[in-house]
Each structure stands twice: as C-alpha cells, then as structure tokens.
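Q:
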Amino acid sequence: MTVIYGLLCLGFIIFFHELGHFIAARISGVKVESFSIGMGPVLLHRNIRTTDYRLSLLPIGGYCGMKGEKDFTAALNAGLDKITAGKDSLYGIHPLRRISIAFAGPFFNLLFAFAAFTVIALTGYTYYAPSAKIILADEVYPAVHSAARDAGLKTGDIILIINGERITDFSDISAIVSTHPDETLSVEVSRAGKKISFEVHTDMDKTEGTGKIGITSTPGSIEKRSAPTYSFFPAVGKGFKDTGQMLFLTLKSISILFKGVDVTNAVSGPARITTMLGDTVKEGFDAGLKNGITSTLQFLAVISVSLFILNLLPVPILDGGMILFALIELITGKQVPPKIQYYVQYIGIAFIGFLIVLGLTGDIRYFISFLGRR
Numbered sequence: 001m002t003v004i005y006g007l008l009c010l011g012f013i014i015f016f017h018e019l020g021h022f023i024a025a026r027i028s029g030v031k032v033e034s035f036s037i038g039m040g041p042v043l044l045h046r047n048i049r050t051t052d053y054r055l056s057l058l059p060i061g062g063y064c065g066m067k068g069e070k071d072f073t074a075a076l077n078a079g080l081d082k083i084t085a086g087k088d089s090l091y092g093i094h095p096l097r098r099i100s101i102a103f104a105g106p107f108f109n110l111l112f113a114f115a116a117f118t119v120i121a122l123t124g125y126t127y128y129a130p131s132a133k134i135i136l137a138d139e140v141y142p143a144v145h146s147a148a149r150d151a152g153l154k155t156g157d158i159i160l161i162i163n164g165e166r167i168t169d170f171s172d173i174s175a176i177v178s179t180h181p182d183e184t185l186s187v188e189v190s191r192a193g194k195k196i197s198f199e200v201h202t203d204m205d206k207t208e209g210t211g212k213i214g215i216t217s218t219p220g221s222i223e224k225r226s227a228p229t230y231s232f233f234p235a236v237g238k239g240f241k242d243t244g245q246m247l248f249l250t251l252k253s254i255s256i257l258f259k260g261v262d263v264t265n266a267v268s269g270p271a272r273i274t275t276m277l278g279d280t281v282k283e284g285f286d287a288g289l290k291n292g293i294t295s296t297l298q299f300l301a302v303i304s305v306s307l308f309i310l311n312l313l314p315v316p317i318l319d320g321g322m323i324l325f326a327l328i329e330l331i332t333g334k335q336v337p338p339k340i341q342y343y344v345q346y347i348g349i350a351f352i353g354f355l356i357v358l359g360l361t362g363d364i365r366y367f368i369s370f371l372g373r374r
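With the working numbering as the guide, the letters of the sequence shown map in order to residues 1 to 374.
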C-alpha cells in the first residue's frame, strides 16, 4: 500500500502540472486534441468540442496532447529550415504564447505548493518534539565534533533564537541548522536565566548535504505540541511566505550539491521518493485525519517546488527548453532550425539520463542499506 499511496500522490502532482499546460493552451488558442487523467491504455473517453477527454488505466499523472507537437518531427524529416504550422497549433502561435504554455505547467506546481501551505496554516496540526534545551553531542558520542562547544555553548543551554528566528522546540533548531551547512549562525541562548549570544559555524555532513552543530536533545523532554492556526487572509500570507522560503531552500540545496556532497545519497530517485511519500501518507493518517492531511500536503509541496525548478531548467525536452527556444525566436525574429533543435536535444536527453542514473544509484544504495539494517 505504501507504494500505491506514493504513486497516487505523485500522479496527482503530474496531473496538476499537465492541467496548467491545458488551461494555458486553451487560453492561447492552441487546439488541445487530448487530455488524459492517468497514463497507458484508455479506459473511458469522450469528445467534447475539439478535445478527447480520457480516463486511462495507470493512475500516474496524465498528459495534454496539443495540436502541432509533432510538427517539429515532420519538419526535421522533411529537411525544412523552419517549422510550418497552423494558427491553432503549438508552433503556429506567437513565441510569447508558447512561453506561457510551457511556463504554465511548472507554475501550477508552484501554485499547488502555495495552496498546500495555505491549507496547512488554516488547519494547523499537532506534533511531538523535544524541548530546545540542548546537550553537547560529544558528551554522548565522544567521536563527534561539536561546533556548539567550540563556540561556547554548554549542556543545559536553552536555545531561544537562531539567525533572528524564534525557537519553540528542538525541531526548529534542526530545521534551521540543517539548511545552513558550513555557515556562521547567530545563536541566542538562555543560561541560568541570562541571555547570551554566540556565533556558531556549522559543519557540513557531506553524506546528506546538511548542517550540524554537534548537539542533541534532552531525553524525556518530548511533548505534544501544536502549530498555530490562522484565519483566511493571514493563512494566505503564511502560504505565500512558506512557498517563498521553500523555493529559496530548494535552490540553496541544489547549490550545496556542488560543495563535495555525496550526490548519490543526497539526490533521491523516483523509487525512494515514492516510498518516502507513501510512508508519509500512511504514518500521517495513522496518527489522525488532520495530521495525515497536513503531513501529505507538506511533502507534496516540497516535491512540487522541486518540480517547478527542475522543469524550468533551460534544457531541451523540459519546459525550460521550449521557453529557451521561444525566447531566441522572440529576440531574433527567427525560429531555431529544426536540425539544430534536434542536435541540442541530445544534451537534454544526456542531462535527464544522468539525473535518472544518479537517482536510481542513490535509490539502490538506500534500499540495500535499509535491508542491511533489518
């Protein structure tokens, strides 16, 4: 069931992405020949106006088939210098409209993340976390380096603020520290009733690409806690803020991969993402309906933001590739010749192939390690 839950959730994100393309195509005057919920063999279909709406067998996303998508191949096979197309086809519209269609899919992923964070802010959730009272890790694990000790922190300190962010429990500490590897953090603690400030330079865990300062939580301090709930307009503001933060953190995480991190471990492939998502859904709903909804939405929001960034990379076969070619046409007033587009696509195929191999390698290592721990 874990895999099924994961596939269904990933399928929804892909479907929502394709829905963005569909809406933008219709607005831009491009004929949508087919729109499917699911992939594979068609189970049911119905023609409404000019579109064949389909329900397909495999619940893993969907697709939006636009008129003229194969005009590129036809022009290439005919040895033409440009793609000839009708006014209601993908390559027959103005480049700006083509850009809007390509951008709409990733934008809908970002829009979903915003909606998910807004719903989370509206409903709130409960969770369990230790207090912000710390123990220096080298007192428990002597081989571990403690950047916190180097900076002057002591066991028993209660962390109040990190980089201006107020801390309520140990999960807040972990969230901030992990996303700031090899950086100096401003940390304010309470020690014997006095507030003291420190500058702590984090270590980088090159296995996971995360920051560490060498502290652990206090045993027995785990309590049930509640995230605040917001009324509608404040929740919308919180959703916007959280989406922006997630976008920034995702971009930052990508940059960290170039700092000597073990990318085969830090980059998750489709199998691991599906399993992790399925586990999140199952464990969340086991803890209650509200927790199930919020934990699922949080994970889906993170994946959606990642897909937004990935699809906008200026790489052929991705949405960003179509945007790039349309921008060149917009600036120069001429289409990029089909033959050039064809050869450039090999770069895109090689790039995507590299990411797939990287992700699958990480997945294999992850599952071998998991089985070894059982």
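Glycine included, each C-beta is placed from N, C-alpha and C at the ideal position.
Specify whether the region 93–107 and the region 218–226 touch according to this definition: at least 3 beta carbon pairs, one from each stretch, less than 8 angstroms apart.
A: No contact exists between the region 93–107 and the region 218–226.
Q: How many angstroms separate the CA atom of residue 42 from the CA atom of residue 250?
A: Cα to Cα, the separation comes out at about 36 angstroms.
Q: Considering only the beta carbon of each residue, do residue 218 and residue 131 sit closer than 8 angstroms?
A: It is a contact, given that the beta carbons lie within the stated cut-off.
Q: Apart from the five residues on each side of it in sequence, which residues of its chain come closer than 7 angstroms, Cβ to Cβ, to residue 371?
A: Note on residue 371: pLDDT 38, under 50, position unreliable in the model; the coordinate value appears next. Nothing listed; no residue qualifies.
Q: Tell me whether the beta-carbon of residue 345 lies closer than 8 angstroms to the beta-carbon of residue 303.
A: For residue 345 and residue 303, no; Cβs fall outside 8 angstroms.
Q: Where do the ends of the beta strand (DSSP E) carrying residue 333 lie?
A: Element bounds for residue 333: n/a, residue is neither H nor E.
Q: For residue 297, does the three-state DSSP call read helix, strand or coil?
A: Helix.
Q: Pick from 116, 96 and 136: whose alpha carbon is nearest that of residue 292?
A: It is 116 whose Cα lies nearest to the Cα of residue 292.
Q: Using 8 angstroms as the cut-off, can you tell me whether the region 18–37 makes contact with the region 58–69, which would need three or more C-beta pairs spanning the two stretches below that distance?
A: Output reads yes: the region 58–69 touches the region 18–37.
Q: At 3 residues or longer, and completely inside the region 125–207: list those beta strand (DSSP E) runs for me, N to C.
A: Counting only runs of 3 or more, we get 126–129, 134–136, 158–162, 184–191, 194–201 and 203–205.
Q: Between which residues of its own chain and residue 213 is the CB-CB distance below 6 angstroms, once the five residues before and five after are set aside?
A: Same-chain partners within the cutoff: 147, 148, 177, 200 and 202.
Q: Return the chain-ordered list of same chain residues with a C-beta closer than 7 angstroms to the C-beta of residue 137, the five sequence neighbours on each side being excluded.
A: Around residue 137: 144, 146, 214, 215 and 216.
Q: Quick one: what's residue 64 bridged to in DSSP?
A: BP columns for residue 64 point to 35.
Q: Where DSSP assigns a beta bridge to residue 223, which residues make up the other side?
A: Beta-bridge pairing links residue 223 to 129.
Q: Are the region 108–125 and the region 317–331 in contact at 8 angstroms, needing three or more beta carbon pairs?
A: Too few Cβ pairs lie closer than 8 angstroms, so no.
Q: I'd like the list of long-range same chain contacts for residue 89, defined as Cβ closer than 8 angstroms, with 5 residues on each side in sequence excluded.
A: Answer for residue 89: 30, 31, 66, 67, 68 and 71, listed in chain order.
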